[in-house]
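Presented below is the structure to which this report refers.
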Amino acid sequence: MLTVIATISSKNIDADVVLTALENLQKYSRQEVGCLRYELSVKSDAQQTTYLVSEQWASGEHFEAHKNEPHFKAFGTQVTGLVTSSNIEVYKSIG
1 MLTVIATISS KNIDADVVLT ALENLQKYSR QEVGCLRYEL SVKSDAQQTT YLVSEQWASG
61 EHFEAHKNEP HFKAFGTQVT GLVTSSNIEV YKSIG
């Protein structure tokens, strides 16, 4: 099993567009084979909004397939130029 933790930040003025794109990504990702969990969280301050995406996938193969899905690619297109920073970390389960 894989756990994926992603943080995505945008200026507050772009936050609604980024949130809509993330909600669509969440909706379709949850329907994928191998998706065990896909959660969104948010925090914001006076300057920016940061989203935390927490995912669990049954295997690395499922996660790799996810990255090739049309809705994943569409997300990247929708937020191009709106994201001020992002980070993705992938963890493998042990035990």
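Just so you know, UniProt numbering puts 68 at position 68 of the sequence shown, and the rest follows in order with no gaps. For every residue, glycine included, the Cβ atom is placed at its ideal position computed from N, Cα and C. Nothing here was measured: the structure is a model prediction, and the numbers come from that model.
With 16 other CB atoms within 10 Å as the buried threshold, where does residue i fall?
{"i": "Tyr38", "result": "buried"}
Beta-carbon within less than 7 Å of residue i's beta-carbon, same chain only, minus the 5 sequence neighbours each way: which residues are those?
{"i": "Ala58", "result": "Met1, Gly34 and Leu36"}
{"i": "Ile13", "result": "none"}
Verify whether the separation of the beta carbon atoms of residue i and residue j is less than 8 Å.
{"i": "Gln48", "j": "Lys11", "result": "yes"}
{"i": "Val83", "j": "Ser29", "result": "no"}
{"i": "Val79", "j": "Ala6", "result": "no"}
Taking just the CA atoms, how far does residue j sit from residue i?
{"i": "residue 110", "j": "Ile88", "result": "Nothing in the structure corresponds to residue 110, since the chain is present only between 1 and 95."}
{"i": "Thr50", "j": "Lys43", "result": "5 Å"}
{"i": "Glu69", "j": "Leu22", "result": "14 Å"}
What residue range is occupied by the uninterrupted alpha helix (DSSP H) comprising residue i?
{"i": "Val90", "result": "Per DSSP, Val90 belongs to no alpha helix (DSSP H); it is in the beta strand (DSSP E), Val83 to Lys92."}
Excluding the five sequence neighbours on either side, which residues of its own chain have a C-beta within less than 6 Å of the C-beta of residue i, listed in chain order?
{"i": "Phe63", "result": "Leu2 and Trp57"}
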